[in-house]
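Okay, so here's the structure we're looking at.
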Amino acid sequence: MANNTADHPPGNSVAEGNHDGDFGISMTDLRGLMELRSAEAVNKIRDTYGDVQGICRRLKTSPIEGLSGNPVDLEKRHTTFGKNFIPPKKPKTFLQLVWEALQDVTLIILEIAAIISLGLSFYHPPGGDSEACGQVAGGVEDEGEAQAGWIEGAAILFSVIIVVLVTAFNDWSKEKQFRGLQSRIEQEQKFTVIRKGQVIQIPVAEIVVGDIAQIKYGDLLPTDGILIQGNDLKIDESSLTGESDQVRKSLEKDPMLLSGTHVMEGSGRMVVSAVGLNSQTGIIFTLLGASENDEEKKVKKSKT
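Note that this note's numbering has the sequence shown beginning at 1142, numbered continuously upward.
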């Protein structure tokens, strides 16, 4: 019987049914790699993959030509490594916003005062009807005031309802406008990548793992990546680390580029290593509970 291993290079052999079987590196490997920094990352790349070119080979991409742009290949990368999209948290309903508006301390005090006022207006102490004959005229006047006493409490409650509804509507309107603006920005924002040897601009949502992206001064990195070639590249990572000092990036010292950071100086090329929820920004969003994916996980855990 013929040896089947001759038709399959041993470096990429993965158990059947694993989506990473088409590539020589898994999403878990890439996520673990992107958590490393500086010399630790350089040593890991050298010991495990040889160099950045080795990672490109495993991702089936060319550092010079980029991806082919074949729709089947792009869809396979979406399935294996995810899409470059972080699902936003589900918007709050109008009733949820009403409930939040009701939590205001001042409104709570007014609600309690209104309830007490209404309760007192309908409360009649026992023995109140057995009055002396000389007090009949005054009693009629007091009875009229007692019957109208509920108006004060009702007026307070009505005012609270109006304030709550107006506040909730304003919050709902602002959230709707913000999400619409955010959606337009995401659809219109583009980034420079190399495909079929040509430099093109594509929407950031269409970037996939294995793309070769060109970066330059002023760019906000939309994905994680590993530097292939850089020219005096300095990155501001304060959005992730809180450190205000610019970090110099190079193949020899620190080739790891993180999503959500700004290019402050220089230019270069990187191979995209993580997108969407698997990128460093996506991981932070998930930990903070700021994405819909995290909410779905919580619901599943509570059901189990």
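Ideal Cβ placement from N, Cα and C applies to all residues, glycine included.
Closest to residue i by CA distance: which of the options is it?
i	options	result
G1407	K1357, G1173, M1168	K1357
G1165	C1197, V1183, R1178, G1173	C1197
G1210	I1250, V1340, S1258	V1340
F1426	V1413, P1396, S1385, L1381	L1381
I1297	K1317, K1315, I1257	I1257
G1366	P1396, F1226, R1199	P1396
L1251	W1240, L1238, I1302	I1302
I1205	T1364, N1184, D1192, K1337	K1337
N1372	T1189, R1389, T1364	R1389
V1334	Q1387, F1299, M1411	M1411
N1311	L1238, V1246, W1291	L1238
L1374	Q1355, E1181, R1172	Q1355
L1418	V1246, A1295, K1224	K1224
T1364	I1376, D1377, I1348	I1348
L1428	S1262, P1212, G1191, I1227	I1227
I1253	F1222, E1176, G1294, A1182	G1294
M1168	L1215, S1262, F1222, D1214	F1222
A1309	V1246, G1409, T1234, G1321	T1234
L1236	W1313, S1262, G1359	W1313
In the DSSP assignment, find the beta strand (DSSP E) that holds residue i and state where it starts and stops.
i	result
S1262	Unbroken run through S1262 is the alpha helix (DSSP H), 1246-1262; no beta strand (DSSP E).
I1356	1353-1357
F1332	1331-1336
Less than 9 angstroms separating the beta-carbons of residue i and residue j?
i	j	result
V1307	L1361	no
L1208	I1369	no
G1351	T1202	yes
Q1421	S1391	no
K1185	L1200	no
T1402	I1424	no
P1232	K1317	yes
In chain order, what residues of the same chain lie with their CB nearer than 8 angstroms to the CB of residue i, ignoring the 5 residues before and after it?
i	result
V1304	A1242, L1248
V1281	Residue placement at V1281 cannot be trusted, given a pLDDT of 49 that sits under 50; the coordinates are not used to answer.
K1394	S1179, A1180, V1183
L1259	W1291, G1294, A1295, L1298
Ignore the nearest five residues each way along the sequence and tell me which others in residue i's own chain have a CB closer than 6 angstroms to its CB.
i	result
P1344	K1331
S1385	S1379
Y1190	I1196
Q1387	K1375, D1377, M1405
Can you tell me whether residue i sits near the ligand ZN, meaning its C-beta is under 8 angstroms from at least one heavy atom of the ligand?
i	result
G1417	No copy of the ligand ZN appears in this structure; indeed no ligand is present at all.
Specify, as a first and last residue, the run of the alpha helix (DSSP H) that residue i falls within.
i	result
T1382	1379-1382
R1218	1212-1222
R1187	1179-1190
V1193	1193-1199
Under a three-way DSSP split, which group does residue i fall into?
i	result
R1410	strand
P1344	strand
K1441	For K1441, the predicted model reports a pLDDT of 47, less than 50, meaning its position is unreliable; a value from the coordinates is still stated below. K1441 falls in the helix class under three-state DSSP.
Q1421	helix
F1164	coil
K1231	coil
Q1387	coil
G1401	coil
D1373	strand
D1170	helix
D1312	helix
S1203	strand
L1368	strand
L1361	strand
L1238	helix
Quick one: residues in its chain with C-beta nearer than 7 angstroms to the C-beta of residue i, no 5 flanking neighbours on either side, listed in chain order?
i	result
R1447	Summary: the structure shown does not reach residue 1447, with the chain confined to residues 1142 through 1445, and so no result is reported for it.
Q1194	P1204
K1217	D1163
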